[in-house]
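Start counting the sequence shown at 1; every next residue gets the next number (our numbering). For each residue, glycine too, the CB sits at the ideal point set by N, CA and C. Please read all numbers here as calculations on a predicted model, not as lab measurements. For reference, the structure is listed below as structure tokens.
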Amino acid sequence: MRNSGKEWDLLNKLDREENLTQEEIVILLGCRDRKVEEQLFYLADEKRKKYVGEEVHLRGLVEFSNFCRRNCLYCGLRRDNRKLKRYRMSLEELYNLAEKIALQGLKTIVLQSGEDLAYDAKSLASLIHRIKKLDVAVALSIGEREPWEYALWRDAGADRYLLKQETFDRELFAKLHPDDDFDQRLECQRTLKELGYEVGSGNVVGLPYQTLQSLALDIKKFQEWDFDMIGIGPFIPNPDTPLGEEVSNPEGKYLLTLKVLALTRVLTKTSNLPATTALGTLIPGGREKALSCGANVFMPNFTPSFYQSRYIIYPGKGIEESWENYLLEVKKMIERKGRVVSTGYGNRVSSGSGEAGRR
Numbered sequence: 001m002r003n004s005g006k007e008w009d010l011l012n013k014l015d016r017e018e019n020l021t022q023e024e025i026v027i028l029l030g031c032r033d034r035k036v037e038e039q040l041f042y043l044a045d046e047k048r049k050k051y052v053g054e055e056v057h058l059r060g061l062v063e064f065s066n067f068c069r070r071n072c073l074y075c076g077l078r079r080d081n082r083k084l085k086r087y088r089m090s091l092e093e094l095y096n097l098a099e100k101i102a103l104q105g106l107k108t109i110v111l112q113s114g115e116d117l118a119y120d121a122k123s124l125a126s127l128i129h130r131i132k133k134l135d136v137a138v139a140l141s142i143g144e145r146e147p148w149e150y151a152l153w154r155d156a157g158a159d160r161y162l163l164k165q166e167t168f169d170r171e172l173f174a175k176l177h178p179d180d181d182f183d184q185r186l187e188c189q190r191t192l193k194e195l196g197y198e199v200g201s202g203n204v205v206g207l208p209y210q211t212l213q214s215l216a217l218d219i220k221k222f223q224e225w226d227f228d229m230i231g232i233g234p235f236i237p238n239p240d241t242p243l244g245e246e247v248s249n250p251e252g253k254y255l256l257t258l259k260v261l262a263l264t265r266v267l268t269k270t271s272n273l274p275a276t277t278a279l280g281t282l283i284p285g286g287r288e289k290a291l292s293c294g295a296n297v298f299m300p301n302f303t304p305s306f307y308q309s310r311y312i313i314y315p316g317k318g319i320e321e322s323w324e325n326y327l328l329e330v331k332k333m334i335e336r337k338g339r340v341v342s343t344g345y346g347n348r349v350s351s352g353s354g355e356a357g358r359r
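Right, here's the structure in full:
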């Protein structure tokens, strides 16, 4: 990099040291020079090649319940959203879907829902035990539960747990999560690490009241906690939530999300980073672009269409009618990018040196 200037100096440092301070991250997040942005994306792609290679891991997602006990201001699944038609899939439906996903050759099944306590821990443990016999990894994304429940599911064979912090800015978290506790959520992530799960976190980019300092803090916390997977997606206002009237700036939010993703790749090195559905909803081709900015995971949605249409965290999510055609198109897209569809379980390549949460 021959260009001079503060931003170019920081990109040189980022390339050389694979680290920046929070204040330096703020400068790059705030830079609107397209050449700097494209160089950042290129650098993230090169680090992705170096640390996790060309494979893209496919994880089959099933959204099995849209009930939620929480009342987060930005989420369409929030408890007080009376316009949402609620549903719960039976455990037998879930197992049958898992069988079909495994037959498609995917080696990870992600079971996701709102925070729905109607599914008791022992029943879920039995389901996990059955699914594991399909020779797949099982990832859970079902919110905050008791430590003994996490332990029970881990003993049943669960491999991963995604519990996004959404923001590491304590004041912002309190504004957006009126009935949740910042420290309790972190404690859940610490417990999951201690139990031996691969642990996922993540954030939402472009939230009301969010600053570049907040986003830079998120990136440093991702690095500090050494998360195994980090989901980074843009905020898309849902009209059936208190933040539904927020003015959206799709292009600006899209570029900012890609910058957060790219910086996270360089600082976390081997963490698995999904190309999130929300990016593709915000801007056509957004998920594909994410694969050029550090992402190495793609999560095709295998939820039946009549349930998908009710799992409305944000509006505009595409609904896939044909699994086979959809999966074929995903694989073709990955190959067009010059990447390789992974045939393995998609475990993290190696752990970094983060200390937080391992105590």
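- Listed in chain order, the alpha helix (DSSP H) elements of length 4 or more contained wholly in the stretch 203-247 are 212-225.
- Pairing Ile232 with Val205 gives a Cβ-Cβ distance under 8 Å.
- By the CB criterion at 8 Å, Leu152 and Ala121 fall inside the cutoff.
- Excluding sequence positions up to five before and after Pro147, its CB lies within less than 6 Å of the CB of Thr191, all in the same chain and listed in chain order.
- Counting C-beta pairs with one atom in each stretch, the stretch 130-146 and the stretch 82-101 have three or more that are closer than 8 Å, which means they touch.
- Judged by pairs of C-beta atoms under 8 Å, the stretch 66-74 touches the stretch 236-254, as three or more such pairs exist.
- Rounded to whole angstroms, the Cβ separation of Phe235 and Leu207 is 5 Å, and the two are in contact under 8 Å.
- Between Asn272 and Arg348, the gap from beta carbon to beta carbon is short of 8 Å.
- For Tyr345, there is no enclosing alpha helix (DSSP H), since its DSSP letter is neither H nor E.
- The beta carbon of Thr343 lies closer than 8 Å to those of Gly105, Lys107 in the same chain, with the five residues before and after it left out.
- Exclusion of the five residues before and after Leu14 leaves Leu20, Leu43, Val266 as the residues of its chain whose Cβ lies within less than 7 Å of its Cβ.
- Boundaries of the alpha helix (DSSP H) around Arg154: 147-156.
- Taking 4 residues as the minimum length, the alpha helix (DSSP H) runs contained wholly in the stretch 101-178 are 121-132, 147-156, 170-176, in order along the chain.
- Sequence-distant partners of Met89 (beyond 5 residues in either direction) whose C-beta falls short of 6 Å from its own C-beta, in its chain, are Phe64.
- Excluding sequence positions up to five before and after Glu93, its CB lies less than 7 Å from no other CB in the same chain.
- Inclusion of Ala278 and Tyr314 in the CB contact set at 8 Å is warranted, their separation being smaller than that value.
- Taking Gln112 as reference, the option from Leu258, Ala125, Tyr87, Ser141 with the minimal CA-CA separation is Ser141.
- Ser201 is bridged by DSSP to Ile230.
- By the neighbour-count criterion, in which a residue is buried when 16 or more other Cβ atoms sit within 10 angstroms of its Cβ, Arg86 is exposed.
- In chain order, Leu261, Leu273, Pro274, Ala275 place their CB closer than 7 Å to the CB of Ala295, counting only its own chain and leaving out the 5 sequence neighbours on each side.
- Following the DSSP letters along the chain, one finds Phe306 inside the alpha helix (DSSP H) bounded by residues 305-308.
- Excluding five sequence positions before and after Glu7, the CB atoms of its chain that fall closer than 8 Å to its own CB belong to Ile27, Leu28, Cys31, Asp33, Val36, given in chain order.
- In this structure, the CA atom of Lys253 is about 25 Å from the CA atom of Asn81.
- Within 10 angstroms of the beta-carbon of Ala158 lie 16 or more other beta-carbons, which makes it buried.
- Val56 and Val341 have their C-alpha atoms roughly 5 Å apart.
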